[in-house]
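Some notes on the structure that comes next.
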Amino acid sequence: MYCRIIKQKKKGRVVRVDTEVVFGDEQRIKEQIANSPVSSHVNTAFVERNNLTMRERNRRLTRKTMGFSKEKIPLVESLNLYSAIYHFVKPNSSLKSELDVKEDNRRWLQKTPMMAAGITDHIWTEEELLTFRVFD
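Sequential numbering from 120 applies to the sequence shown in my numbering.
This is the structure we're talking about:
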């Protein structure tokens, strides 16, 4: 599913916002939005937030720096590494859950996106991530 936001402006101010379905069924998109716990309409906030986080944490995406990627392979490899670290190593504060019983004076259980998705049961170290053996 993919939607596009179309903003109409007059004198620099947004006067109208329309949504266009690019891919997917319009009725199914409406159902997904109705069931969403975080949004009541199609918006770009989550995509924009993710793009900003990637630019902040990955030097190859920052313009006007020596680290900016001019070739595709190093860019793709750095994005893959960033994505793995983001999803397995870095806890996300919005995903934490309150512990029923305090452990070591901790009130919250920190979670990564992969823990929240049920794919892993712990926060990985960078060493664990880089040495994890993937079988084909």
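By construction, the Cβ of each residue, glycine as well, lies at the ideal position given by its N, Cα and C atoms.
*Reduced DSSP secondary structure (H/G/I, E/B, other) of Glu217*: strand
*So Phe142 is in the beta strand (DSSP E); what residue range does that whole segment cover?*
132-142
_Assigned secondary structure, Lys149 (DSSP; H/G/I helix, E/B strand, else coil)_ = Residue state, collapsed to three classes: helix.
*In chain order, what residues of the same chain lie with their CB nearer than 6 Å to the CB of Gln229, ignoring the 5 residues before and after it?*
Pro210, Lys215
*Whole angstroms is fine: what's the gap from Val134's alpha carbon to Tyr121's?*
23 Å
*asked:* Tell me the residue span of the alpha helix (DSSP H) that contains Arg168.
replied: 164-176
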